[in-house]
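Participant:
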Amino acid sequence: MIKKIELCYATINHVKFLFELFNDRLTRKNALKSEKISFVDHKNWFTNRLKNLPKIFIFKKDKKLFGQVRFEKIKDNYEIDYSVSKTFRGKGLSKLMLLKAILKGPTGRYVGKVKKNNKISKKVFESLNFKLEKRKKKYFIYIFLKEKNFKIKKKIFVRRIYLKKLEEKN
């Protein structure tokens with residue numbers, strides 16, 4: 503069964519939630535830039551980032567904020583940054599968040615950079631049909647091309663995966 507989660511665009515009201523999420527110990531450990539962020543620096547970055555496209559997606563479950571997905575436009579790519587709150591980890595929400603964000607996000611080439619020791623993120627990207635493009639010294643690069651007709655095809659694909667449990671014989 504599909505887990506019911508809500509998606510909205512980030513607003514200035516989310517500044518504290520994102521600050522706490524970005525400075526979470528495990529989030530910092532798995533981030534490519536692992537140093538802590540000061541609230542002043544975060545607020546300045548966030549205020550400027552709200553003016554840019556694509557927008558930051560905030561996710562809620564049962565009216566509780568639990569995660570974020572952000573796409574950074576770098577050259578012809580959309581680099582993915584995502585994180586889930588401590589109390590919501592291990593519930594399969596990362597995959598669903600990324601899928602919803604990509605469906606709502608722009609058409610183009612999505613790139614996920616994953617630290618080599620981050621087995622969970624590797625599994626998430628692979629389960630969404632991202633392809634391993636390169637192995638760097640400290641991280642892997644996964645790519646996914648979202649085409650113009652992706653939304654229609656993926657909705658059908660998602661229904662097959664989430665709504666009908668396949669038996670081994672299928």
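Take the sequence shown: its letters are residues 503 to 672, numbered as in this note's numbering.
Ideal placement from N, C-alpha and C gives every residue a C-beta, glycine not left out.
Source: prediction; values computed, not measured.
(1) Helix, strand or coil for Arg611 per DSSP?
(2) When the Cβ atoms of the region 609-621 are set against those of the region 578-588, are three or more pairs found closer than 8 angstroms?
(3) Answer yes if the region 618-627 comes into contact with the region 557-572, meaning at least three C-beta pairs across the two stretches below 8 angstroms, and no otherwise.
(4) Which same chain residues, not among the five before or five after Gly607, have their C-beta less than 6 angstroms away from its C-beta?
(5) In whole angstroms, what is the alpha-carbon distance linking Phe524 and Ile539?
(6) Mind listing, in chain order, the continuous beta strand (DSSP E) runs of no fewer than 3 residues lying wholly within the region 543-567?
(7) Counting along the chain, where does the beta strand (DSSP E) carrying Glu649 start and finish?
(8) Return the chain-ordered list of same chain residues with a C-beta closer than 8 angstroms to the C-beta of Tyr511, the five sequence neighbours on each side being excluded.
(9) On the DSSP bridge assignment, give the partners of Arg637 in chain order.
(10) Straight-line CA distance for Lys618 to Lys638?
Facilitator: The short version:
(1) strand
(2) yes
(3) no
(4) Pro556, Phe573
(5) 8 angstroms
(6) 559-563
(7) No beta strand (DSSP E) contains Glu649, which DSSP labels as neither H nor E.
(8) Lys557, Ile558, Phe559, Ile560
(9) Phe642
(10) 9 angstroms
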